[in-house]
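Undergrad:
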């Protein structure tokens, strides 16, 4: 968590006001003299670090609580240092009457304990009104910081909550008073300097730095409610129909009785869910953002969270966001949301605003990239229609990963390829941990990232995206069926696939290593279905075969062209004139440029059993055929013909990545077969001396189950290949 938050301290903190100044300049250049209001941040940040408990046993209620308090402590420290800088800067005596009256009142009633501050600040004369105001802000900010520190260290604090800042509006009010006074007195250049930047930082980051989203799997809420209904002896919630669940949930939501007491029998899992809601009730509401329900399938999933929030006395309930991930859930999402909107109680609860998250990772793992991309597009169209029908403003939350197989890609193109009317000035996206360095690692990268998101969101609203022609829709609807069948027939139905996947990739070793923030599987005993999308993509990326990205495209295009040769012209027209289809094809083309089937063949040769070698050859033939068809549709002779800069970059990286791939393949062979030895070529140099066996020289990781040095070598190759690919998992 500290590593993730460091991006705020190092780059985002300064990047936001710098970006806002550029927006002000852009507005002025087009003849708009007004700047973006100080209390209306263009961009806000949330985090899943410490809040995403979907299948992660390490994220406990205690972790969530500590992460929130640590974030509040960090932002208070940042504010504190800047307040002192402003006190040095705003030394003038001339001010508005409003500020003068406030400063006089504070000066007379001040009971400040000056021991916390350097000698210079012990006495602030009334002739320095801005410093008097800011000194009071500093004192209260100090109390706010210390209370968070005490709560984090000891669980309690002697500092009353009333002596701290309880909401960001209270913090902003004296700062805005100083700003108004400076401008009223003609000191506009001073007002629009550090103070304006600080106002914008406070509006953006609030008192919590980031709002923590909570994510939990829908099945965990079902377990809790099932335990409650059994305890009340009214049946098994899990066995009820969807209609029965909704009726019971709404009757409880409309009533006022407590649903359960301290006598509710609780397993460890049930206690974990309920304790999470108790943390939401305990901490200030501005610590939290949305409550995201992963694997959501029905309206009852949303109503269940609403009921649990109320029963656990969450003062300001979090907005509940269903996350539709698998292909079938995406297809059913519009009907589920329409059912929710038809409930009067729920419409009043959301105040005509609803956020819906769509998952790119699991939908791609479930049906392949082509089918997932098209279903995500159609689901958004239908969700927008439903929202318009009920007069609800819909905000789409795009759960994109860093790699193409999980919905990743260039930000600008990804946003512009969204369906019409699905953004409308508001967009929410995930920036995954594996690509956060590329987006926010340095101040100029942070600025460019904010610029890209803002520019693309505005452009999508001003330039209406191209809607697909009926014949384009019909063709795509037809070929995605073929694509899905091809993908599932290999990944889920082919009996040899699971064994081949585990032998031909470092998936098993990845799952045993301390890489990533969560276990690689939702259920330890499960197969491909329970494997998370990140290790699924990561494993294939390491071997540079990228199977989850391209599998299904070739069969779909081959079917379309074979059925009617004119379909090739239609597909080429779609590529040239429809941003969604063009971006989809371009991203797969980029993945082919990064791929190398000969490297995958090396992994097969060293790691795969002899009876599975023919299966690997079949997949590589499919790879080559798909690549050929893709180039035909794009009208390209070579990969990345339209992006020579990226093509050159990949060519430069290739030699280094290939070396790492060879090292990794042989390391995996040694790990799996300790008796295997690589025969070195004789050294040309006569000065070469025979070294002692590695076991005697290195013990890099004595706790490893592998031979000394092997695990460290494997991790280094994984990191190197991931860095070279720029898309990991």
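In the numbering used here, the protein residues as written are 994 to 1722. Cβ coordinates follow ideal geometry from the N, Cα and C atoms, glycine included. Just so we're clear, the structure is a prediction, and the values are computed from it rather than from any experiment.
#1: What first and last residue would you give for the alpha helix (DSSP H) that runs through residue 1268?
#2: Please report the distance separating the alpha-carbon of residue 1810 from that of residue 1256.
#3: Closest to residue 1313 by CA distance: which of 1293, 1004, 1322, 1199 is it?
#4: Tell me whether the beta-carbon of residue 1207 lies closer than 8 Å to the beta-carbon of residue 1167.
#5: So, with DSSP's three-state summary, where would you put residue 1045?
#6: Measure the Cβ-Cβ separation of residue 1145 and residue 1069 and say whether it is below 8 Å.
#7: Where do the ends of the alpha helix (DSSP H) carrying residue 1372 lie?
#8: Work out the CA separation of residue 1666 and residue 1437 for me, nearest whole Å.
#9: How far does the beta strand (DSSP E) with residue 1284 in it extend, from its first residue to its last?
#10: Spatial neighbours of residue 1262 within its chain, please: C-beta separation below 8 Å, excluding the five flanking residues on both sides.
#11: Among residues of its own chain, excluding the 5 on either side of residue 1345, which ones have a beta-carbon nearer than 8 Å to its beta-carbon?
#12: Do residue 1211 and residue 1290 have their beta-carbon atoms positioned less than 8 Å apart in this structure?
#13: Could you compute how far the alpha carbon of residue 1717 sits from the alpha carbon of residue 1315?
#14: Is residue 1206 helix, strand or coil when you go by DSSP?
#15: Over what stretch of residues does the beta strand (DSSP E) that includes residue 1609 continue unbroken?
#16: Just confirm the distance between the C-beta atoms of residue 1196 and residue 1034, as a whole number of angstroms; I'd bet it's less than 8 Å.
#17: Using a threshold of 8 Å, state whether the C-beta atoms of residue 1317 and residue 1282 are closer than that.
#18: Rounded to the nearest angstrom, how far is the Cβ of residue 1363 from that of residue 1476, given a contact under 8 Å?
#19: What did DSSP end up calling residue 1024 once you bin it into helix, strand or coil?
#20: Just how far apart, CA to CA, sit residue 1309 and residue 1342?
#21: Does the region 1446-1464 come close enough to the region 1565-1581 to have 3 or more Cβ pairs within less than 8 Å?
#22: Are the beta-carbon atoms belonging to residue 1045 and residue 1056 less than 8 Å from one another?
#23: At 4 residues or longer, and completely inside the region 1232-1256: list those alpha helix (DSSP H) runs for me, N to C.
#24: What is the DSSP secondary structure of residue 1727, reduced to helix, strand or coil?
#25: Output needed for residue 1142: all residues of its chain with C-beta closer than 7 Å, excluding positions within five of it in sequence on either side, in chain order.
#26: Going by alpha carbons, who is nearest to residue 1377 out of 1480, 1270, 1413?
#27: Helix or strand or just coil, what does DSSP make of residue 1538?
#28: Distance check for residue 1579 and residue 1545, CA to CA, integer angstroms please.
#29: Any chance you could list the alpha helix (DSSP H) runs of at least 4 consecutive residues sitting entirely within the region 1522-1593, in chain order?
#30: Nearest to residue 1499 by alpha carbon, out of 1531, 1550, 1715, 1524?
#31: For residue 1348, which of helix, strand or coil comes out of DSSP?
#32: Return the CA-CA distance between residue 1659 and residue 1599, expressed in angstroms with no decimal places.
#33: If residue 1170 sits next to residue 1092, beta carbons under 8 Å apart, how far is it from one beta carbon to the other, in whole angstroms?
#34: Look up residue 974 in the DSSP assignment and say whether it is helix, strand or coil.
#35: When we look at the beta-carbon of residue 1528 and count the other beta-carbons within 10 Å, is it buried (16 or more) or exposed?
#36: Does the Cβ-Cβ distance between residue 1356 and residue 1347 come in under 8 Å?
TA: Reading from the atomic positions:
#1: 1261-1275 is the extent of the alpha helix (DSSP H) around residue 1268.
#2: Not covered by the structure: residue 1810. The range shown for the chain is 994 to 1722.
#3: Nearest C-alpha to residue 1313: 1293.
#4: no
#5: strand
#6: no
#7: 1362-1382
#8: Taking the straight line joining both Cα atoms gives about 47 Å.
#9: 1281-1287
#10: 1213, 1216
#11: 1384, 1385, 1386
#12: yes
#13: 35 Å
#14: strand
#15: Segment 1606-1627 is the alpha helix (DSSP H) holding residue 1609; no beta strand (DSSP E) there.
#16: 5 Å
#17: no
#18: 4 Å
#19: coil
#20: 12 Å
#21: yes
#22: no
#23: 1235-1247
#24: Residue coverage of the chain in this structure runs from 994 to 1722, which leaves residue 1727 outside it and unanswerable.
#25: In its chain, beyond the 5 residues on either side, 1066 have a beta carbon closer than 7 Å to the beta carbon of residue 1142.
#26: 1413
#27: coil
#28: 16 Å
#29: 1526-1535, 1540-1543, 1546-1556, 1559-1570, 1572-1587
#30: Of the candidates 1531, 1550, 1715, 1524, the one whose C-alpha sits nearest the C-alpha of residue 1499 is 1531.
#31: strand
#32: The straight-line gap from Cα to Cα measures roughly 7 Å.
#33: 6 Å
#34: In this structure the chain extends from 994 to 1722, so residue 974 is not present and cannot be described.
#35: Counting every other CB atom within 10 Å of its CB across the protein chains shown gives residue 1528 a total of 16 or more, marking it as buried.
#36: Cβ atoms of residue 1356 and residue 1347: not closer than 8 Å.
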